[in-house]
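Participant: Residue numbers (this note's numbering): 989 to 1333. This is the structure I have questions about; it appears just below.
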């Protein structure tokens, strides 16, 4: 039996790539062996820091027989073609959020990886954070009773310089959307994972304060099959940027997850109980890279285990697709100025 470590490669060395490299370094029986980027200077600096071999063309990297899995850390419009190429080469794929620009691209990625017999995972590290799991357990166990109201709030700030920092930023063709699909998607995914999908959405989006093609502000009202209502608020125009917050209010109590502060408080009516838990975490509210590595490390460890056991990763392609389903419905509602129905599953 081959007992060598799982060989990972990273495609793209933008802001998030060091987080992936750190996660690989902290995953037992995993090793970073290759990196692909067209930028020779950045590629050389990256491998000098984290190890591996630099390739200017990711297709040359995919031709290496010893590479087991690739992390795709490129702009969203490249996720689909790179996933198709990786699956065709027999590589497992761990893709950064958003999974893709739309549901059709997600479905093509899922289908390609299934046909190739490789794992497909999508980075949503919040699902692996202890407080996210704690609030999900409270709801699953019925501690809050029947949910009445849920909300996800991402009131962040991004400067004009941020949108000018990459040719793809702020462009609909490259990103597929704005604050919803780029920044707020983590809170949206966490809300879906914790409390399920809505059945209808009514939304508005605006470009409020940046010279970009995409929305920097969005508001969506959600209806659920169980009768509750929900709200999504998202912007990158809220100076100086405020930590994410998820709220869950039920018939027996409430839970407010100050996600960006690493604090969860919950309050039960009968018997009267008040609780608070904290965890070390950073938010990214003002600076994109002000986030910790623990969630990425846990997700990489799960993905490596999914390859070895084998089994589906906890955040597979179907799970990664769910936030895109909701966000696509929000965009459609805003564009057509009407409520949009969607499957509750």
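Beta carbons: idealized from backbone N, C-alpha and C, even for Gly.
Which residues share a DSSP beta bridge with residue 1141?
Facilitator: Here residue 1141 refers to the residue found at position 153 when the chain shown is read from its first residue. 1221 and 1233.
Participant: Quick check on this structure: which residue in 1086, 1326, 1225 and 1186 has the alpha carbon closest to the alpha carbon of residue 1164?
Facilitator: Position 176 of the chain shown, counted from the first residue, corresponds to residue 1164. The residue with the shortest Cα to Cα distance from residue 1164 is 1086.
Participant: Between residue 1252 and residue 1265, how many whole angstroms is the CB-CB distance? I'm expecting something under 8 Å.
Facilitator: Here residue 1252 corresponds to residue number 264 of the chain shown, with the count starting at 1. Here residue 1265 corresponds to residue number 277 of the chain shown, with the count starting at 1. Yes, they are in contact, since the Cβ atoms of residue 1252 and residue 1265 sit about 5 Å apart, within 8 Å.
Participant: Here's a check: name, in chain order, each residue in its chain whose Cβ is nearer than 6 Å to the Cβ of residue 1072, leaving out the five neighbours to either side.
Facilitator: One-based indexing of the chain shown puts residue 1072 at position 84. Excluding sequence neighbours, residue 1072 sits near 1100.
Participant: Which of helix, strand or coil does DSSP assign to residue 1156?
Facilitator: Reading the chain shown from its first residue, position 168 is the one you call residue 1156. Correct three-state label for residue 1156: coil.
Participant: Excluding the five sequence neighbours on either side, which residues of its own chain have a C-beta within less than 7 Å of the C-beta of residue 1033, listed in chain order?
Facilitator: For this step, residue 1033 is matched to residue 45 along the chain shown. Answer for residue 1033: no residue qualifies.
Participant: Use the C-beta contact count for residue 1298: other C-beta atoms within 10 angstroms, 16 or more gives buried, fewer gives exposed.
Facilitator: For this step, residue 1298 is matched to residue 310 along the chain shown. So residue 1298 counts as exposed.
Participant: Which residue or residues does DSSP assign as beta-bridge partners of residue 1190?
Facilitator: On the chain shown, position 202 is the one that residue 1190 refers to. Paired residues: 1209.
Participant: Start and end of the alpha helix (DSSP H) containing residue 1204?
Facilitator: Locating residue 1204 in the chain shown gives position 216, counting from the first residue. Premise fails: residue 1204 is in no alpha helix (DSSP H) and is neither H nor E.
Participant: Would you give the residue range spanned by the alpha helix (DSSP H) that residue 1324 belongs to?
Facilitator: Taking the first residue of the chain shown as 1, we reach residue 1324 at position 336. Per DSSP, residue 1324 belongs to the alpha helix (DSSP H) from 1305-1324.
Participant: Can you grab the Cα-Cα spacing for the pair residue 1005 / residue 1061, in whole Å?
Facilitator: Mapped onto the chain shown, residue 1005 falls at position 17. Mapped onto the chain shown, residue 1061 falls at position 73. Their Cα atoms are separated by approximately 6 Å.
Participant: By alpha-carbon positions, which one of 1036, 1043, 1066 and 1154 ends up nearest to residue 1003?
Facilitator: Residue mapping note: residue 1003 aligns to position 15 of the chain shown, counting from 1. Checked all of 1036, 1043, 1066 and 1154; the closest Cα to residue 1003 is 1154.
Participant: Skipping 5 residues on each side, what residues in its chain have a beta carbon closer than 7 Å to that of residue 1014?
Facilitator: Here the question's residue 1014 lines up with position 26 in the chain shown. Excluding sequence neighbours, residue 1014 sits near 1285.
Participant: For a test of the three-state rule: what should DSSP assign to residue 1129, helix, strand or coil?
Facilitator: The residue labelled residue 1129 in the question sits at position 141 within the chain shown. Residue 1129: coil per DSSP, three-state reduction.
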